[in-house]
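*Asks:* Taken in sequence, the protein lines are chains F and G. Using this note's numbering, the first residue of the first sequence is number 1, and each one after it goes up by one. Using this note's numbering, the first residue of the second sequence is number 1001, and each one after it goes up by one. Glycine is no exception: its CB is placed at the ideal position from the N, C-alpha and C atoms. The structure is given below, and queries will be raised subsequently.
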Amino acid sequence: MLAAFQDLLGLLATDAGTRARFADDREGFLRAFPSDEGDRRLLRAIALHDLARFADGLIAKRWQEVRRVVPLSLVVAPRLAVAYRTWLAEHPAPAQDTVLPPGPAEALRALPTLAGATLHPALAAYAPDLLSFEVLSACSLIDGAGRRLRAGFAVHDIVADLRRGVLPMDPPPVPHEYRFERGGAQHRRLT
Amino acid sequence: MTDTFLGAGIGYRRVHRDALLGVGPRPDVLEVMPEHFFAAPSDIDALAVAYPLVFHAVGLSIATAGHDDTIARARLARVAELVRRARPALCSDHLALTVSPRGIDLGHLAPVPYTEDVLAVVSGRMSRWQDVLGVPIALENIARPFTFGAAEMPESEFFTRLVDATGCGMLLDLTNLLYNARNFDLDARAELLHYPMHAVAAVHLAGGMRSATDGFWVDSHSSVVEDDSLALLAALRGRAWPRVLIVERDEHVPSLLALTAEAQRVAAVWRDLPP
């Protein structure tokens, strides 16, 4: 019974749909939940506004950790925050055995989604490559695992510009391959 | 807990590493999150030589029912490896749920109801941790985002029974206690005296913020320790004998010099010295 109670608590904290059903009809929700009266008493006692604040706080904390991994991508794609928060609300993070800290681990998990969010005509064409570069290099610097990226642009030059405070406008496509390791990134131009 | 008092310290942040290992004012003790060293365990060696260390984990999720799967065991083994390497004076985590039994990683500390069922789970897990880690272990009271009402026992009673059952220590976070009291209409100073004072192995202090939206106090570790937390620390004198006092800061992290000065201010309060 305790495991079922905790699973429900986890869903209430991370799943907006479950939380909405709980808020709309708490007694009906609890009747459908396999629990004893003791568990139901505990769940009835949770203040809905406290639960909502907690859930919002979980998403905000995750994003704070992820955003530290992709500071340059946020310069060219500020709406990454919205894309991540929306996605996380529907895709709670699974526990995993990783040596990566929470931010890089979560950025790696979210990379396909976030890269998709940067594919937008209003954004710089290099935004998806820049995002992948930041995430993969950050992870490899920490865990030493080799990772590769085939990019359509000279991302290392774009990174250098952004770190100098210069926003590259329409750089020419120059395909590159990157290899990330603990010691840093190596690159070669593709012909 | 009557072991030697190690002093007042700070939470380790990588941004301070060079300064911590260089010359200049230093905290008495460092609290490190073992998770920060999972990728490169040898990075902890220099810190262990230079400072007395205490470990403070965040993701072992002691309260998760049935949470003895491969991932949980692997994380505990990683912590154990670091314990063998750095020999911390103490290892702590939170009395909380961070992973659900079905494997959702909440990413932060969720409260657990203080019930007999949870006490049994936490006591059993604590005994295992003590066997695996081989150093004193303490659990921290968290800042609770919500409560479960009258259906649970008081937090202080839960900790007292846990200590009695397992012999573990308590990491008493005075700021969490203060904020829980403010958020849920309790008297922090009165509550304080109900915790198992003899088991207090460490004390945490931090500065948080009050939500502009609804007035809820959040333990954000984003500012200096406020006077009300220090007053609770003064109230502990003569009642508890922690080995370390730790100032926590995760946001708006100041220089090592400023953080060390704050730890010294905490130490002065503890020793009843003029500020």
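Within this structure, are the beta carbons of Ser1100(G) and Val1054(G) separated by less than 9 Å?
*Replies:* As a first step, residue 1100(G) must be located in the second sequence, where it is residue number 100. As a first step, residue 1054(G) must be located in the second sequence, where it is residue number 54. Not a contact, by the Cβ cut-off of 9 Å.
*Asks:* List in chain order: all unbroken beta strand (DSSP E) runs of 3+ residues lying wholly within the region 1011 to 1079 of chain G.
*Replies:* DSSP runs (the beta strand (DSSP E)) wholly in the region 1011 to 1079 of chain G: 1029 to 1032, 1053 to 1056.
*Asks:* Write down the C-beta distance between Gly152(F) and Pro175(F) rounded to the nearest angstrom, noting that I regard them as a contact closer than 8 Å.
*Replies:* Within the first sequence, residue 152(F) is the residue found at index 152, counting from 1. Within the first sequence, residue 175(F) is the residue found at index 175, counting from 1. The pair is a contact, with the Cβ atoms about 6 Å apart (cut-off 8 Å).
*Asks:* Spatial neighbours of Arg188(F) within its chain, please: C-beta separation below 6 Å, excluding the five flanking residues on both sides.
*Replies:* As a working note, residue 188(F) is residue 188 in the first sequence. Once the five neighbours on either side are set aside, the close Cβ partners of Arg188(F) are Glu177.
*Asks:* For a minimum of 4 consecutive residues, which ranges assigned as the alpha helix (DSSP H) are wholly contained in the region 97 to 176 of chain F?
*Replies:* 102 to 117, 127 to 143, 155 to 163
*Asks:* Is the Cβ of Ala1110(G) closer than 9 Å to any Cβ of chain F?
*Replies:* Walking along the second sequence from the start, residue 1110(G) turns up at place 110. Closer than 9 Å to some Cβ of chain F, the Cβ of Ala1110(G) qualifies, so yes.
*Asks:* Quick one: any contact between the region 41 to 50 of chain F and the region 66 to 80 of chain F, if contact means 3 or more CB pairs under 8 Å?
*Replies:* Short answer: they don't touch.
*Asks:* Identify every residue that forms a DSSP beta bridge with Glu181(F).
*Replies:* Taking the first residue of the first sequence as position 1, residue 181(F) is located at position 181. Per DSSP, Gly184(F).
*Asks:* Interface residues of chain G around Gly184(F) at Cβ under 8 Å?
*Replies:* Looking up residue 184(F) in the first sequence gives position 184. Listed by position along chain G, the residues whose Cβ is nearer than 8 Å to that of Gly184(F) form an empty set, because the closest Cβ is around 15 Å away.
*Asks:* Should the region 1218 to 1233 of chain G be called in touch with the region 1075 to 1095 of chain G, which here means at least 3 C-beta pairs below 8 Å?
*Replies:* no
*Asks:* Mind checking which residues open and close the beta strand (DSSP E) that includes Trp1217(G)?
*Replies:* Numbered from its first residue, the second sequence carries residue 1217(G) at position 217. First-last of the beta strand (DSSP E) with Trp1217(G): 1217 to 1223.
*Asks:* If you run the structure through DSSP and keep just helix, strand and coil, what is Ser1100(G)?
*Replies:* Start at 1 with the first residue of the second sequence, and residue 1100(G) comes out as number 100. Reduced to three states, the DSSP call for Ser1100(G) is coil.
*Asks:* Among Asn1141(G), Arg1085(G), Asp1028(G), Pro1052(G), which has the Cα closest to the Cα of Ile1062(G)?
*Replies:* For the purposes of this step, residue 1062(G) is identified with residue 62 of the second sequence, where counting begins at 1. Measuring from the Cα of Ile1062(G), the nearest candidate turns out to be Asn1141(G).
*Asks:* How many angstroms separate the CA atom of Ala1138(G) from the CA atom of Val1058(G)?
*Replies:* In the second sequence, residue 1138(G) corresponds to position 138, counting from 1. In the second sequence, residue 1058(G) corresponds to position 58, counting from 1. For Ala1138(G) and Val1058(G), the distance between alpha carbons rounds to 12 Å.
*Asks:* For a test of the three-state rule: what should DSSP assign to Ser1211(G), helix, strand or coil?
*Replies:* Position 211 of the second sequence holds residue 1211(G). Coil at Ser1211(G), not helix or strand.
*Asks:* Closer than 9 Å, CB to CB, is Arg984(G) near chain F or not?
*Replies:* As shown, chain G starts at 1001 and ends at 1275. That puts residue 984(G) outside it, with no answer to give.
*Asks:* Of all the options Ser73(F), Trp87(F), Thr14(F), which has the alpha carbon lying nearest to the alpha carbon of Arg163(F)?
*Replies:* Taking the first sequence and counting its residues from 1, the one referred to as residue 163(F) is at position 163. Checked all of Ser73(F), Trp87(F), Thr14(F); the closest Cα to Arg163(F) is Ser73(F).
*Asks:* So, Arg1085(G) versus Ser1042(G), is the Cβ gap smaller than 9 Å?
*Replies:* If you number the second sequence from 1, residue 1085(G) lands on position 85. If you number the second sequence from 1, residue 1042(G) lands on position 42. Yes. Within cutoff.
*Asks:* With 16 other CB atoms within 10 Å as the buried threshold, where does Asp7(F) fall?
*Replies:* For the purposes of this step, residue 7(F) is taken as residue 7 along the first sequence, with counting starting at 1. Buried, by the Cβ-count rule.
*Asks:* Could you tell me the alpha carbon to alpha carbon distance between Val1203(G) and Leu1236(G), rounded to whole angstroms?
*Replies:* Along the second sequence, one-based indexing puts residue 1203(G) at 203. Along the second sequence, one-based indexing puts residue 1236(G) at 236. Whole-angstrom Cα-Cα distance: 10 Å.
*Asks:* Please state whether the Cβ-Cβ distance between Val279(F) and Ala1039(G) is less than 9 Å.
*Replies:* In the structure displayed, chain F extends from 1 to 191; residue 279(F) sits before or after that span and is not available.
*Asks:* I want to know whether the region 18 to 25 of chain F touches the region 1104 to 1114 of chain G - three or more CB-CB distances under 8 Å.
*Replies:* Cβ pair count under 8 Å is below three, so no.
*Asks:* Are Ala1019(G) and Ser1229(G) touching if we call contact CB-CB under 9 Å?
*Replies:* To locate residue 1019(G), count along the second sequence from 1; it is residue 19. To locate residue 1229(G), count along the second sequence from 1; it is residue 229. In this structure, the beta-carbon distance from Ala1019(G) to Ser1229(G) does not fall below 9 Å.
*Asks:* What residues match up with Ser1092(G) in a beta bridge as DSSP calls it?
*Replies:* Here residue 1092(G) refers to the residue found at position 92 of the second sequence. Paired residue(s): His1056(G), Ala1138(G).
*Asks:* Is it buried or exposed, Asp1003(G), if we count other Cβ atoms within 10 angstroms and call 16 or more buried?
*Replies:* Locating residue 1003(G) in the second sequence gives position 3, where the first residue counts as 1. With fewer than 16 Cβ atoms within 10 Å of its Cβ, Asp1003(G) is classed as exposed.
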